[in-house]
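J.: When the sequence shown is numbered by the numbering used here, its final residue is 250 and no position is left out of the sequence of numbers.
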Amino acid sequence: SSWHYTQLLLRSFTHGRPGTHPRGIAALPLAMLARLRTTQVHLNESVHHVGANVVTTDAGTYRSSVVIVATDASNAHQLIGTDDLAWRSQTTWWLALPRLHDAGRLRIDLDRRFLSSALDICAVAPERAPRTISLVGAPATGLHPSSALDRLVIEDVARLYEVTTSEVRVVTKSLVEHALPMLPRPLRLARSSRQGEVLVAGDYLQTPSIQGALVSGRRAARAALMQIRP
């Protein structure tokens, strides 16, 4: 990672606060969908071609004044030939602990034996677990489907939250092969939203995060409005 990106991460960790919606990240697109009145939304269609004013899917062809390709880097590469990027995979362990107090801050493992961090989800979304339990998410780079590392994760989480290992148990874990795009150095935050005849949006154009995806999407939306209403 570039030093610029590292500085951005450190600033967000020290000045920001973790947040999550009770219904998860899916609540965000649903909230946006609820505000639409005249816009048509088509789901579960594979896109085969995009152009300046046309999108072709396995269900038909759609025409529009502006086309925005809002995908991950790999799909954008297949559709419009943008640079293809390598991916960083991630495994997140979800662990149950006795209900923690004043644990809303992200815990960074300075020893960094294995885990990158840990967060008590119940500190920001208490409805995610029974009142006597804290649900802690602990991510690590790479895919680790076997249970061989579970003991190490339990030990690290117990150390980070100053509890005994007998008080920590693994509930489940999430494996994401394409978790975050690996951006080239140096980090360029002001990337153009235009790629040939179409507009593009995605975290790979900003920073590898939900925040980066939102910022990139806003930039593409503004560019689309300027194109429609010059």
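Where is the CB? At the ideal position from N, CA and C, for every residue including glycine.
Pick helix, strand or coil for residue 162, following the three-state DSSP scheme.
T.: Three-state result, residue 162: coil.
J.: Less than 7 Å between C-beta atoms, sequence neighbours within five positions excluded: which residues of the same chain meet that for residue 73?
T.: 83, 84, 85, 87
J.: Rounded to a whole number of angstroms, what is the C-alpha to C-alpha distance between residue 59 and residue 100?
T.: 24 Å
J.: Along the chain, where does the beta strand (DSSP E) that runs through residue 198 open and close?
T.: From DSSP, the beta strand (DSSP E) with residue 198 extends over 189 to 201.
J.: If you follow the beta strand (DSSP E) that residue 140 is in, where does it begin and where does it stop?
T.: 137 to 140
J.: Tell me the residue span of the beta strand (DSSP E) that contains residue 88.
T.: 88 to 90
J.: If I'm right that residue 97 touches residue 79 with Cβ under 8 Å, what's the distance once you round it to whole angstroms?
T.: Between residue 79 and residue 97 the Cβ distance is about 23 Å, and since that is not below 8 Å, they are no contact.
J.: The alpha helix (DSSP H) with residue 51 in it runs from where to where?
T.: In this chain, the alpha helix (DSSP H) harbouring residue 51 covers 47 to 54.
J.: Taking only runs of the alpha helix (DSSP H) that begin and end inside the segment 221 to 249, which ones reach a length of at least 4 residues, in chain order?
T.: 230 to 248
J.: Taking only the alpha-carbon atoms, compute the straight-line gap between residue 91 and residue 51 and give it to the nearest angstrom.
T.: Computed Cα separation, rounded: 19 Å.
J.: Can you find the residues in the same chain that come closer than 6 Å, C-beta to C-beta, to residue 189, ignoring five residues on each side of it along the sequence?
T.: 116
J.: What residue range is occupied by the uninterrupted beta strand (DSSP E) comprising residue 108?
T.: 107 to 118
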